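Here the protein sequences line up with chains Z and F, keeping their order.
For the first sequence, my numbering puts the final residue at 1378, and the numbers step up evenly by one.
For the second sequence, my numbering puts the final residue at 907, and the numbers step up evenly by one.
A virtual CB, placed ideally from N, CA and C, is assigned to each residue, including glycine.
Since the model is a prediction, treat every value here as computed from it, not as a measurement.
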Amino acid sequence: MAEDKPVILQGTLDLMVLKTLETLGPLHGYGIARRIEQISEDALQLNQGTIYPSLTRLLQKRWISAAWGASENNRKAKFYSITKAGRKQLAHEARSWERISGVIGRVLRTGTSG
Amino acid sequence: MLGWLRIVVARIRGWLSGRHADEEFARELESHLEMLAQENMRRGMAPEEARRTARMRLGGMTQISEQHREMHTLPLLETLVQDIRYGLRTLRKSPGFTSVAVLTLALGIGANTAIFTLVHAVLLKPLPVAYPEQLYNLGDDQNCCSLGGSQDSFTLFSYPLYKEIRDHTPEFSEIAAFRSHVPRLSVRRSTSDSFAEPFRSQFVSGNYFSMFGVGAFAGRTLTPADDEPGAPNVAVMSYRTWQVRFAADPSVIGSQMIIDRQPVTVVGVAAPSFFGERLVGDPAELWVPLASEPKLMPIGTHLNDSDDYWLYAIGRLRPEVTPIQAQARLKSEIQQWIAARPKMSGYRPDELEKMVLTLTPASGGVRGLQMDYAEPLRFLTVVSAFVLLIACANIANLLLARCTASRGEIAVRVALGASRGRLVQQVVTESVLLALAGGAAGVGLAFLGTRVILLLVFRGAEYVPIEASPSIPVLAFAFALSVATGVIFGMAPAWAGSHARPAETLRGAGRSTTDRSRVPQRALLVLQAALSLVLLVGAGLATESLRNLENQRFGFKTAGRLVVRVDSDLGGYAPERLPSLYQELQERLRAIPGVQSASLSMYSPMERSNWADPISIAGHPTPPGQVFASSLNSVSARYFETIGTRLVRGRVIDERDMPTSRHVAVISEAFARKYFPNEEALGQHFGIGDATHAGDYEIVGIVEDAKYIDAREAAYVTAFLPLLQARENNSNIFHDIQLLVAGPAENLGPVIRRELASVDSNLTVIRVTRFDEQVAENFNSERLVARLTTLYGLLALALACVGLYGVAAYTVTRRTSEIGVRMALGAPSGSILAMMLRVAMAPVMLGLLVGLPLALAGGRAIASQLYGLKSYDSVVLGTAVLVLLASSILAALIPARRAARIDPMTALRYE
């Protein structure tokens, strides 16, 4: 088995992309990928290409929108930004994530102590 | 839910944007790569190195694009569209194959669609009324024509009985009644002095339209108030009649018509789609209330007689009641009512006890055509399915051949990793495409075919309330049938093709003389030959049976004879005026140039009319528990001469037989055989009714047996009375004129009408028909079956031969090099010809072996419908076998001769 490379759940990546866009505002694909890598302190070594399916999915659900713009060094790039529906979804997902991770955490703790 | 829908919408949009979206995504990835590379360069990498590392960080570009594409669009549709495009391209590339296939399918699907159009119209389609599924016939409407006496299964009602059940059966929200047979009444507008014309006029109860839930197109429909005694005379006209006979003249509504001398107000036009309570050719044109029956048909009115059973009834069952409950309730009601009659309507107590009453669904109305055509249509459905099967086998064979030809291509695709599922999908898509094209053409053929079939079914009818144009159910049927057909005939080649073994095929493309597709190909040919034989035998049997029916000894002659049906409204005539009227009529008719003989009668043979009554015979008391009965007819002088019935002994009815002279009768041979088996019939006496009448008529002549009603049964026991002497049942009023004409008879119609009108303006000609046509109309359903089975049988034969030819020609092509070798080694061309014929005919012979028992079984299934021949008629079987053999030899001969003419040098070079 690959050494402790965390398996990224589909939904997890979506959630991270949404959160990134909420925090940083409009970003292109490269920016999003970089940001996720940085935040996770390079614990998530993903092929940067894998964020594109996630972006497509989010676009289709209309949680994010996309527009072509100019990057910092004046290149054409596609910028993604979170939509109103996306923010609502993020809040909702974050809540349930916390709840679930809390529950799982508790279960795991009782498991070790008991 | 909404999210799901959103994704589909997004995907469809993505799919529509197609290549543009792909390019955009490629640009996006490119810019991503660029940015990665720049960062790498900032970290000090050389440009080349930077780009390489960037590519690794991003991951496989192709996979990402592919994945994006898959998510972005509709993959299933995508491949389907691909297959359709590919299929259309290959079909376009081989126009010969495509047109043969489409034509074959069009014939097969068209044949089925035409029959289904009829099945739908006649058997499946409900009446155009409100909630037809709630309607029930009170009885099983098999019972016709019996006015009095007990009914085996209660179906006919008298008017007083109808009123009783109408008012006391709460299980039905409404019960309506109407005449069992629609009479023709002579109608003319009172505003002009135009001719009176016969209109099919149905007498109906006042709630008839409200029971059906049918409204008026203009004016109003009938109401219960119109059906009260003493109410003013009113009528509702059918939409078609208003359109056709009165050119949709709005002044007709509210105007007065003269119907059999009575002024009647037309109060409205019924809804356009409504044609009455039954599906028949020439449906009712006018609806009048039952209450006006005594005024409009004063001769033999039934309305107020409790013991005259002449009405059918349909009721609308309340939704919460089951038919069984309503049936039990109705039955006991009717039994009580009859038991309370003084004469019990001719029922014996034990008969009344055992009375049967069955509620039958009336969503299709009173069964008219359904009764005659249910059986033939089922038969024809099977026949047309066979034709389609044969067509399918043909296409499957063509596709198989093509698959074998493209084995190399398929092998390459399999070798490159195409999945079998994908290959099958592609072949099936192509065949469904073909089938749909064939189906579309078939619907067109079916439209034409249905019109022809309707002409066959309704021979003699002016108007048929059936649309030949394809309706939505018919189109749906054709579509479903096409798809199913495509899948069926596509399966075999798809299977054969997808089992190609790439390695083998690529190693020695097309060298072998045997290949895998041969087995299914032969099997299909066997199937085709067997089915064709079954159809040919069926066609032969049906045609022979019809011929026997039409050319049997009827006991009358039709050649050169005309029958004129007359609405003789002679209600006002005093009986003593009839002799002079009849005499004048006969003289005038005989004076028409070309007319050799003219006679009058109550009815004529094969007109679907009959009058039968119990009789008593002098000196032969009726044994208890038995009934002596006979069919009866009243005829004028020269009747037998005019219709060509031969006198056996004694004399015929002639000018001597006046109202005041001795009452005489002429009987049929069957009458003499039945009632006077061992004695002389001439000079005996009989009468209509009980023993007090036994001496009424003296038998003065015996004529040969003639069929009047059922052409399949032996002639009925019949007695003929002089028109002027007959009294019972208004039998002294004539309704029919027979004319024996020398030379052309077609154009006599107007002359006859003129002569009749000049004698009395109340004599309305209903129709002038050739006698042979009148007889032929009795065999409409037999003719339909015979003609269509023949047509479909020949179609099947042609298709099978085309199939055989195709396979044989293909075999020759594939074996060209082998034949070349054989000929180079000295085989004479005669033996090559024989060999190719043998190969081609083997499946046909096998098909005959399989088909013969099938044909025999099929014959047994229709044996009861056959007339004058056995289901295993050897001439029919032999002919069918010969026809099949001869045409398949012909089909195989063409390619076989080509094989025999192969030039060995060319053949070997071709290798």
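Contiguous beta strand (DSSP E) elements confined to the stretch 276 to 304 of chain F occur at 282 to 285, taking only those with 3 or more residues. In terms of Cβ geometry, F:Ala738 and F:Val383 do not form a close pair [threshold 7 Å]. Contact annotation: in the stretch 1339 to 1354 of chain Z, residues whose CB is within less than 7 Å of a CB in chain F are Arg1339, Lys1340, Ala1341 and Lys1342. By the criterion of at least three beta-carbon pairs nearer than 8 Å, the stretch 114 to 122 of chain F is not in contact with the stretch 258 to 265 of chain F.
Counting along the chain, no beta strand (DSSP E) covers Z:Ser1304, and no H or E run does either.
The three-state secondary structure of F:Leu558, taken from DSSP, is strand. Our two residues, F:Ala22 and F:Gly55, have alpha carbons roughly 14 Å apart in a direct line. Every alpha helix (DSSP H) of 4 residues or more that sits fully in the stretch 573 to 619 of chain F is shown, in chain order, as 574 to 587. Proximity of F:Arg53 to chain Z, defined by a Cβ-Cβ separation below 7 Å, is satisfied. With a threshold of 16 other beta carbon atoms within 10 Å, F:Trp0 falls short and is exposed. Counting along the chain, F:Thr109 sits inside the alpha helix (DSSP H) bounded by residues Pro91 to Leu114. Taken through DSSP and simplified to helix, strand or coil, F:Arg634 comes out as coil. Within the stretch 1303 to 1329 of chain Z, Asn1311, Gln1312, Gly1313, Thr1314, Tyr1316, Pro1317, Thr1320, Arg1321, Leu1323, Gln1324, Lys1325 and Arg1326 place their CB atoms closer than 8 Å to a CB of chain F, listed in sequence order. Residues of the same chain with a CB within less than 8 Å of the CB of F:Glu74, apart from the 5 flanking positions on each side, are Trp11 in chain order.
Given a length threshold of 4 residues, each whole run of the alpha helix (DSSP H) inside the stretch 184 to 218 of chain F is given here in chain order: 204 to 208. Within the same chain, Arg1326, Trp1327, Ile1328 and Ser1329 come within 8 Å of Z:Thr1347 by CB-CB distance, once the 5 residues on both sides are set aside.
F:Phe624 and F:Thr618 have their C-alpha atoms spaced approximately 7 Å apart.
Here the alpha carbon of F:Arg642 sits roughly 28 Å from the alpha carbon of F:His616. For the pair of segments examined, the stretch 527 to 538 of chain F was found to touch the stretch 830 to 848 of chain F: the number of CB pairs separated by less than 8 Å reaches three. Interface criterion not met: the Cβ of F:Ser13 is under 7 Å from no Cβ in chain Z.
Contacts with chain Z at 7 Å (Cβ-Cβ) do not include F:His16.
With contacts defined by Cβ atoms closer than 7 Å, F:Asp223 and F:Leu286 form a contacting pair. Taking a 10 Å sphere around the C-beta of Z:Lys1342, we find 16 or more other C-beta atoms and assign the residue as buried. F:Asp653 is positioned such that its CB atom lies no closer than 7 Å to that of F:Val662.
Put simply, the CB of F:Ile60 is near chain Z, with a gap under 7 Å to one of its CB atoms.
Inter-residue distance for F:Pro839 and F:Gly826 is about 21 Å (C-alpha atoms, whole angstroms). The way I'd put it, the stretch 18 to 33 of chain F does touch the stretch 46 to 53 of chain F; three or more beta-carbon pairs between them come closer than 8 Å.
Between Z:Gln1312 and Z:Arg1363, the alpha-carbon positions lie close to 29 Å from each other. Annotated three-state conformation of F:Gln517 is helix, per DSSP. With 16 or more neighbouring CB atoms inside 10 Å of its own CB, F:Lys703 falls in the buried class. Taking 8 Å as the upper bound for CB-CB distance, F:Leu452 and F:Arg779 are in contact here, some 6 Å apart.
Under the Cβ distance rule, Z:Gly1293 counts among the residues neighbouring chain F, one pair being separated by less than 7 Å. F:Asn547: not part of any beta strand (DSSP E); DSSP gives it neither H nor E. Scanning chain F for C-beta atoms nearer than 8 Å to the C-beta of Z:Ser1335 yields Ser27 and Met31, reported in chain order. Close CB contacts of F:Leu886 within its chain, under the 8 Å cut and outside five residues either way in sequence, are with Cys797 (chain order). Of the other Cβ atoms in all chains shown, 16 or more fall within 10 Å of the Cβ of Z:Ile1296; this residue is therefore buried.
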